[in-house]
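Residue 73 in full-length UniProt numbering is what sits at position 73 of the sequence shown, and the numbering runs on without skipping anything. Glycine included, each C-beta is placed from N, C-alpha and C at the ideal position. The structure displayed is predicted, hence computed values, not measured ones. Single-structure report; data block below.
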Amino acid sequence: MSGWDKEWATLRARARADIARQRTPDAAPVEPDLSVPVDQLLTSATASEGLHEHLRPALDRAVTDLTAAAESVRHWTFGEELTRSATGWDQALTDLADRLPEHATGLRALTTAMVGLDQEIHASFRGWGTV
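And the structure:
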């Protein structure tokens, strides 16, 4: 492992420990990835949907403009390279725009599963007479 990789791993471990301490100051250390509140998941899903709504038109316009620029200079010496670049960026930007609502859907599904699991656990404890 290179020096940079070691430094990066150390910083990530320190950040995770700090997050865990902030979320559960009086408890034993926990993995921060396992303690994301439901409201933050829903907020992230809403942000992803909003980003898609506002970003998609700009990305579509960028793809259209780049394709038009490539077409306008296709007979020049660099026209072929610009066309390949436009095609590559078209795919990358389209993928980016398409993934945002998919992430929102995944976050909402995760939230639903977490809430359902919490309700199931609560019902189990209620059935045992402990709640």
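Between residue 82 and residue 73, the beta carbon gap of about 6 Å places them in contact (Cβ cut-off 8 Å). In the three-state reduction of the DSSP assignment, residue 122 falls in the helix class.
Straight across, the Cα-Cα distance linking residue 39 with residue 4 is about 35 Å. Taken atom to atom, the span from the alpha-carbon of residue 59 to that of residue 92 is near 10 Å. The DSSP-derived three-state label of residue 57 is helix. Look at residue 2 here: in three-state DSSP terms it is coil, with no helix or strand label.
Proximity of the stretch 45-65 to the stretch 96-115 meets the contact definition, three or more beta-carbon pairs being nearer than 8 Å. For residue 53, the closest alpha carbon among the candidates 37, 96, 122 is that of 96.
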